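2 protein chains.
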Amino acid sequence: MRYGYFDNARKEYVIDHVNTPVPWTNYIGVNDMCAVLSQTAGGYAFYKSPQYHRITRFRPNAPVERPGHYVYLRDDDTGEYWSISWQPVAKDLEKAHYVCRHGLSYSRYLCDYQDISASQTIFIPLNEPVEIWDVVLKNTGDRPRRLSVYSYLEFSFHHIDMDNQNFQMSLYSSGSSYADGIIENDLYYEENGYQWFTATFEPDGFDCLRDRFLGTYRDESNPIAVETGVCSGSFEKTGNHCAALQKKLILAPGEETRLAFLLGEGKRDAAIPYRKKYSDAKQVDREFQKLADFWNEKCEKLQVYTPNEGMNTSLNIWNLYQSEVNIMFSRFASFIEVGGRTGLGYRDTAQDAMTIPHSNPVKCRQRIVELMRGLTSEGYGLHLFQPEWFDPELQGKKQSFQSPTVVPTPSRAKMIHGIQDACSDDALWLVASVCEYIKETGEISLLDEVVTYADGGEGTVYEHLMRILDFSDRQVGKTGICKGLRADWNDCLNLGGGESAMVSFLHYWAIQNFIELSEFAGKKEQVQKYAAMAAKVKKACEENLWDGEWYIRGITASGRKIGTHLDQEGRVHMESNTWAVFSGVADEERGRKAMDSVDRYLYTKYGLMLNAPSYTKNDDEIGFVTRVYPGVKENGAIFSHPNPWAWCAEAKLGRGDRAMKFYNALLPYNQNDEIEVRQSEPYSYCQFVMGKDHTAFGRARHPFMTGSGGWAYFAATRYLLGVRPGYDRLLIDPCIPKDWKEFDVKRVWRGAVYRIHVENPDGVSKGVKRILLDGTEVFGGVPVQPEGTEHRVVVTMGK
Amino acid sequence: MRYGYFDNARKEYVIDHVNTPVPWTNYIGVNDMCAVLSQTAGGYAFYKSPQYHRITRFRPNAPVERPGHYVYLRDDDTGEYWSISWQPVAKDLEKAHYVCRHGLSYSRYLCDYQDISASQTIFIPLNEPVEIWDVVLKNTGDRPRRLSVYSYLEFSFHHIDMDNQNFQMSLYSSGSSYADGIIENDLYYEENGYQWFTATFEPDGFDCLRDRFLGTYRDESNPIAVETGVCSGSFEKTGNHCAALQKKLILAPGEETRLAFLLGEGKRDAAIPYRKKYSDAKQVDREFQKLADFWNEKCEKLQVYTPNEGMNTSLNIWNLYQSEVNIMFSRFASFIEVGGRTGLGYRDTAQDAMTIPHSNPVKCRQRIVELMRGLTSEGYGLHLFQPEWFDPELQGKKQSFQSPTVVPTPSRAKMIHGIQDACSDDALWLVASVCEYIKETGEISLLDEVVTYADGGEGTVYEHLMRILDFSDRQVGKTGICKGLRADWNDCLNLGGGESAMVSFLHYWAIQNFIELSEFAGKKEQVQKYAAMAAKVKKACEENLWDGEWYIRGITASGRKIGTHLDQEGRVHMESNTWAVFSGVADEERGRKAMDSVDRYLYTKYGLMLNAPSYTKNDDEIGFVTRVYPGVKENGAIFSHPNPWAWCAEAKLGRGDRAMKFYNALLPYNQNDEIEVRQSEPYSYCQFVMGKDHTAFGRARHPFMTGSGGWAYFAATRYLLGVRPGYDRLLIDPCIPKDWKEFDVKRVWRGAVYRIHVENPDGVSKGVKRILLDGTEVFGGVPVQPEGTEHRVVVTMGK
């Protein structure tokens with residue numbers, strides 16, 4: 059069953075069955091102010107931090123997830139009322155027609171009911187901390203209509219904990235007031251505790267107190283103020299606050315009207331210029347267009363035209379969008395994380411920053427520098443930290459008094475956790491992120507930039523990279539394989555004092571990246587040193603990790619091997635096998651065997667499972683993974699993040715059909731008509747899909763905030779389609795299904811446009827016979843072309 | 059307007075208008091398993107810890123507070139359905155008759171609708187971790203009825219944070235199953251993560267998955283399973299879980315049936331014996347009667363019969379109940395705290411333990427010992443701590459693996475906060491608690507019991523007391539007045555490096571208590587030493603704290619006096635003036651003046667305000683109180699906790715009319731017919747009532763969990779009615795309104811019953827002319843009588 063479709067011309071996903079099995083979310087805002095909203099306008103907004111500066115309230119994981127950013131309509135002749143988004147009034151879908159269009163950084167809610175056609179478009183202008191609700195109403199009937207329009211949102215106490223527990227302070231430090239058409243919300247004990255809400259009209263009524271607008275023993279589905287048509291003009295110091303503004307209007311037959319509600323950060327005064335500006339609807343249109351331009355520009359950096367329509371839709375719009383959302387929002391604003399955390403997760407951000415330097419070089423560079431500052435001088439990253447802690451410009455800035463909602467700055471001793479809390483993989487990812495950034499931008503000078511270490515001292519970016527590699531070189535166990543430390547990429551695999559196969563492969567990959575970088579930068583001494591390190595790592599891997607048909611996953615502290623043919627549970631693992639191949643450690647024979655085992659044991663029609671069979675017996679030597687239900691999350695689910703590693707591995711092996719089989723299995727687009735199974739949105743990769751060992755096999759969970767976003771984009775564009783920048787040329791080395799005859803890619807790289815046409819006359823999966831640049835053959839990729847120029851590249855595959 | 063009435067014969071408060079302005083709560087359970095439930099059965103249950111082992115889920119501070127412990131009824135002929143408690147279906151109150159009876163540790167919900175009379179009584183047997191829903195249904199009509207009965211509750215992920223944020227783990231570690239009529243809920247990653255739910259019948263249907271029982275885009279008000287009459291038999295590993303059991307039955311005209319639902323702690327097997335036991339309704343009755351006996355015994359320890367009916371109702375039932383709830387539950391389980399904290403607050407628990415040693419000596423003693431263990435060797439108490447940390451029997455016990463829902467045991471270094479986090483009053487309260495406990499029980503040997511200090515070492519209880527007094531003796535400022543440290547009793551008055559008048563008065567009072575104790579224990583050396591300390595404290599107070607008409611509140615670090623006649627805001631404060639008098643520091647003249655100022659500046663018809671005028675200007679030298687809205691909480695509200703201090707002070711001054719004026723103003727009973735103002739339950743003191751400087755003057759907030767419970771009971775029984783134990787005699791020294799002709803008190807003390815009749819022929823407020831014990835005059839109080847005996851005491855007041 060399907061609930062919607064892709065409208066690629068508008069870069070929208072259109073939900074025409076709004077009663078999706080679970081909320082289908084979208085991300086509004088690309089800068090300081092952001093909102094996460096569902097297909098029924100449920101969700102929340104925040105300013106800078108989803109943990110410490112939540113603006114609107116959201117009650118997650120409730121039977122119906124509310125509240126949201128709602129507009130009610132009321133027929134003042136009949137008293138009947140509804141909402142422009144289906145929730146919260148939830149009119150019978152047989153009688154009212156509802157559609158939600160999720161676009162790039164905006165959502166549009168459309169409703170047709172009783173000859174009133176209404177839309178509410180929510181977006182946040184590029185550089186303003188203002189959420190705009192652009193509302194259009196049209197009388198499509200043949201008699202005049204008297205209507206009331208109401209806004210409604212509930213203000214948060216800023217901090218998620220304050221919203222949910224111990225209301226001893228929050229309820230009594232939160233106040234509201236109304237004046238000059240503007241509602242002000244005030245968290246009295248914060249210096250920056252203010253928001254405003256206004257509209258482009260003179261309100262005919264208002265309520266600032268939630269419980270007065272809704273009425274006792276009522277909720278968002280039947281507010282007393284809407285039911286009766288009369289707001290109570292409430293406000294108070296203390297209590298729960300909302301932003302309800304009412305406008306009465308008359309629409310003649312065929313008449314259309316437009317108005318806007320505005321939510322902003324700051325005191326009442328801050329609202330005045332925005333209210334004035336957006337009272338001119340052309341300004342609304344202008345800012346909306348700017349946002350569209352912003353996204354068009356990003357998308358146009360890389361467009362693909364392949365025989366795989368799902369792949370085109372994903373890479374050209376949604377997968378890029380998801381990758382951007384991850385790098386913009388970090389990982390903690392969603393309906394699942396709900397902003398209960400903030401800051402940067404080291405490994406996640408490092409990987410996110412690797413994947414889209416072409417569309418967001420500024421943010422990728424910012425993240426790289428933040429992560430460099432979060433590196434200890436010993437060479438491991440702080441697993442989770444606030445970049446503000448180490449931002450030289452913010453040192454010493456503090457609110458003048460303590461209050462519970464402000465971002466706490468812990469003492470230095472608490473920031474810098476010891477090696478007992480270090481994860482063995484965290485910083486290794488950053489090596490490739492730096493390399494990809496430089497390959498994309500050519501900014502080799504980044505290597506010489508001096509950055510502090512979290513625990514004191516400083517060094518160049520290049521020196522930071524060496525400390526990362528040297529740390530892993532030191533942190534090895536008896537066999538020479540890297541220690542697992544607290545955990546590796548798999549948080550639930552706590553080999554503890556044991557060793558992680560995956561991390562040694564990852565270490566090898568990072569070293570290879572570093573050697574290539576050093577070669578380009580002319581650092582011969584380092585090339586030599588790290589080539590020796592790589593050889594040592596490879597030897598240790600090949601001697602200790604091969605099991606005959608696949609690579610093991612690790613070795614416990616007691617010396618027990620995990621993931622061998624003798625294991626009844628957790629026999630084959632995805633991480634070690636994909637990385638053995640993609641890193642280059644495995645030779646061709648072992649590589650093929652390993653990936654054949656992955657296909658044989660881990661493949662399902664919804665993607666590759668992380669391990670199989672799932673663990674069913676608790677075993678604390680293996681780790682917490684054995685205390686997760688079979689088929690769920692890290693224990694035998696189709697964990698999405700590592701799936702693209704398998705695509706990369708198969709691409710490396712040149713097996714394009716299998717790579718595409720794996721790609722298509724995971725592709726959300728391909729589950730669009732199977733939502734009764736998938737449940738989650740088909741325009742976003744999810745963190746995981748329930749595995750075969752679970753009764754809900756195929757059910758996807760946790761959209762957007764997952765490493766699969768960036769990795770899927772990275773793997774598909776760079777290794778399946780094979781278009782990837784090198785330091786001095788654009789490499790084109792596809793690995794595709796044999797039956798693909800051709801495909802096209804438009805790629806902007808260092809300011810020049812490359813229109814690439816790939817032909818596959820021999821029906822191969824891999825291998826490039828010839829590359830023509832503007833008709834002239836080039837070798838080893840396409841050399842950098844001057845900024846502002848445009849080029850035609852024709853690639854012929856074959857043996 | 060009133061919403062209910064006191065039914066003293068049943069010790070119940072009867073809510074016959076169940077749509078109260080805010081939830082009116084009750085506390086179920088007196089041991090390990092507890093529930094906090096509202097008049098509409100909303101609320102939550104927990105086992106031992108409201109923070110770490112929540113059993114049922116609750117969404118606090120929502121427009122309608124849900125879910126709860128619900129029973130639905132459905133007419134299987136018409137399809138109409140409702141709930142026995144008004145919520146969640148919320149039938150029109152014009153058509154359905156709803157009543158809630160809150161009793162002592164149970165709540166009964168009654169519903170009459172369409173000729174079905176139904177009741178649901180929720181209680182927890184004294185010594186079993188089982189919550190019983192005793193359901194009685196009667197067909198009061200004249201035709202047979204086919205009905206379905208459904209239970210419903212939603213299981214929690216145990217921890218309030220897990221219920222509200224970052225669902226990455228919780229949603230996937232929570233499972234349910236059904237077998238043999240029993241639902242099992244399983245938090246897979248906890249060793250003790252199990253609950254069961256069953257009923258005394260064979261179910262005709264069940265649902266373990268919340269979202270299957272409710273249906274998507276529905277909530278507790280309209281579950282699909284109830285609407286259609288068909289449960290789906292759902293269960294799963296992962297997701298949100300509920301306990302819905304369905305029973306179909308036919309009731310003949312006039313027929314009554316009875317059934318029970320049972321919620322318990324443990325795995326499925328644990329349910330079997332309880333299910334068997336309670337299938338016999340007589341066992342339900344027997345356990346319910348045991349609970350009634352338990353409370354009757356407590357109440358019978360002290361019963362009063364005065365001309366003040368509100369006082370009688372309060373002291374004989376509700377105020378004692380509230381005090382017991384505080385000592386049993388600590389302070390963190392309510393709809394306000396919502397269990398977001400756990401453990402003991404040092405000062406609160408110390409005061410709670412002082413107030414009811416007669417009705418709960420075991421728990422008071424336990425709390426005293428726990429607090430003694432939470433004392434540092436330096437003499438300050440740990441402001442908030444888990445008693446388990448220092449329980450010798452629990453040392454070293456730990457779950458074998460880390461999981462997020464288990465009570466964390468921090469490192470010792472984190473437990474023992476330094477003096478920078480010490481509050482200046484915390485441990486001082488404990489001195490009187492020990493004295494009152496010994497006076498009540500005669501257990502003088504407690505003083506010699508050896509108890510550890512939190513930071514190592516050990517000493518007798520008596521030695522602990524000396525360290526407390528000596529700490530305050532050392533921690534004085536320039537003028538000799540005690541330092542305020544992080545805060546004194548008023549958490550928001552952060553004089554910081556400054557000095558607190560209140561704490562010096564409190565110190566003096568504690569010393570006086572200690573001297574009296576030492577005298578009785580024959581410790582002459584200490585008597586002498588601490589008498590000198592007392593004299594020094596008194597001198598410092600009298601020289602530095604008198605302002606002419608009242609006592610100041612403190613001195614800031616910069617030497618600025620707070621609470622002087624020169625202050626425009628925060629001119630007069632309640633804490634310092636009441637303690638100046640009650641402690642015995644103030645002489646009669648100053649005492650009268652000080653309390654006259656309290657009456658003049660702080661009195662309102664709803665009680666005494668904490669300070670006046672309220673602060674309106676932020677002033678961080680005074681403290682966070684200046685960042686609280688005027689008239690709210692610590693800034694000029696009628697903060698209830700210190701109100702009884704004023705009654706004690708007036709009693710000390712012998713001004714019974716004013717003491718009773720103050721008493722009556724705060725008494726919740728007296729607001730029973732003014733609920734449109736009070737809003738909160740009239741059977742419980744609330745933490746505060748909005749003060750005159752707030753628009754909602756008279757609105758009460760935070761029932762039950764407040765120090766006003768114990769203190770009101772303590773002050774009224776011991777200082778207004780004047781019946782208080784000494785070390786070797788029962789003192790009787792009333793301070794009453796002049797127009798009281800007589801009153802009676804029944805008091806059980808050290809195993810003997812004293813039936814005390816007090817006559818006031820001269821119309822005095824204070825002064826006892828004669829005490830007759832069984833007809834014989836005694837002097838200086840009534841000497842201890844043999845256990846098991848009963849005595850008649852006649853007291854004649856007069857000059």
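Quick note, the sequences are listed as chains A and B, same order. One point on numbering: in this note's numbering, the residue at position 463 of the first sequence is 521, and numbering is uninterrupted. One point on numbering: in this note's numbering, the residue at position 86 of the second sequence is 144, and numbering is uninterrupted. Heads up, the beta-carbon is just placed ideally off N, CA and C, and yes, glycines get one too. On a predicted model such as this, the values are computed, not experimentally measured, just so you know.
- Considering only beta carbons, the part of the stretch 686 to 701 of chain A lying closer than 7 Å to chain B consists of Val686, Tyr687, Val690, Lys691, in chain order.
- If you draw a straight line from the Cα of Ser96 (chain A) to the Cα of Arg776 (chain B), it is about 60 Å long.
- Residues of the same chain with a CB within less than 8 Å of the CB of Arg68 (chain A), apart from the 5 flanking positions on each side, are Arg159, Gly161 in chain order.
- Residues of the same chain with a CB within less than 8 Å of the CB of Gln409 (chain A), apart from the 5 flanking positions on each side, are Trp487, Ser491, Gly765, Gly768, Trp769 in chain order.
- Straight-line measurement puts the Cα of Glu627 (chain A) at about 45 Å from the Cα of Gly517 (chain A).
- Chain A places a beta carbon closer than 8 Å to that of Val396 (chain B), counting this residue as a contact.
- The stretch 560 to 571 of chain A and the stretch 713 to 724 of chain A do not touch, with fewer than 3 CB-CB distances between them shorter than 8 Å.
- For the stretch 133 to 164 of chain B, residues whose beta-carbon sits nearer than 9 Å to a beta-carbon of chain A comprise Trp144, Gln145, Ala148.
- In the three-state DSSP reduction, Glu249 (chain B) falls in the coil class, being neither helix nor strand.
- By the neighbour-count definition (other C-beta atoms within 10 Å, threshold 16), Arg333 (chain A) is a buried residue.
- In this structure, Arg757 (chain B) sits near Met748 (chain B), with a CB-CB distance shorter than 8 Å.
- In the structure shown, Thr413 (chain A) adopts helical secondary structure according to DSSP, grouped into three states.
- Under the 8 Å criterion on CB atoms, Thr764 (chain B) is classed as non-interfacial with respect to chain A.
- Considering only beta carbons, the part of the stretch 109 to 123 of chain B lying closer than 8 Å to chain A consists of Arg117, Pro118, Asn119, Ala120, Pro121, Val122, in chain order.
- Residues of the stretch 391 to 415 of chain A with a C-beta less than 8 Å from any C-beta of chain B: Ile394, Glu395, Val396, Gly397, Gly398, Arg399, listed in chain order.
- Taking a Cβ-Cβ threshold of 8 Å, the residues of chain B close to Ala754 (chain A) are Glu294, Thr296, in chain order.
- With a beta-carbon spacing of about 5 Å, Ala302 (chain B) and Phe271 (chain B) fall inside the 8 Å limit used to define contacts.
- Trp140 (chain B): not part of any alpha helix (DSSP H); member of the beta strand (DSSP E) spanning 139 to 141, first to last residue.
- Close to chain A, meaning a Cβ-Cβ distance shorter than 8 Å, are the following residues of the stretch 68 to 79 of chain B: Asn77, Pro79.
- Cβ contact annotation for Tyr63 (chain A) (same chain, cutoff 8 Å, sequence separation greater than five): Tyr71, Val72, Asp74, Asn730, in chain order.
- With respect to Val193 (chain B), Leu317 (chain B) sits close: the two C-beta atoms are nearer than 8 Å.
- Contact annotation: Val284 (chain A) and Tyr438 (chain A) have beta-carbon atoms that are not nearer than 8 Å.
- Counted as a single uninterrupted DSSP element, the stretch harbouring Ser482 (chain A) is not any beta strand (DSSP E), since DSSP gives it neither H nor E.
- Val509 (chain B) and Val427 (chain B) do touch by the CB rule: their CB atoms are close to 6 Å apart, below 8 Å.
- Between the stretch 107 to 116 of chain B and the stretch 133 to 148 of chain B, the count of C-beta pairs closer than 8 Å stays below three; the two stretches do not touch.
- At a beta-carbon threshold of 9 Å, the residues of chain B lying near Thr274 (chain A) are Asn77, Thr78, Pro79, Val80, Pro121, Val122, ordered along the chain.
- Considering only A:Gly681, A:Ser742, A:Pro844, A:Asp531, the residue with the shortest C-alpha distance to Gly500 (chain A) is A:Pro844.
- Shown here for Arg685 (chain B): same chain residues with a beta carbon closer than 7 Å to its own, the five before and five after excluded, namely Asn676 in chain order.
- A residue is called buried once 16 or more other Cβ atoms fall within 10 Å of its Cβ, and Lys827 (chain B), having fewer, is exposed.
- About 28 Å separates the Cβ atoms of Gly322 (chain B) and Gln223 (chain B), ruling out a contact at the 8 Å cut-off.
- Neighbours of Gln478 (chain A) in chain B, taken as residues at a C-beta separation under 8 Å, are lacking, since the least C-beta distance is about 12 Å.
- Gly665 (chain B) is a Cβ neighbour of Ala723 (chain B), given a cutoff of 8 Å.
- Ser641 (chain A) sits in coil when the DSSP states are folded into three classes, being neither helix nor strand.
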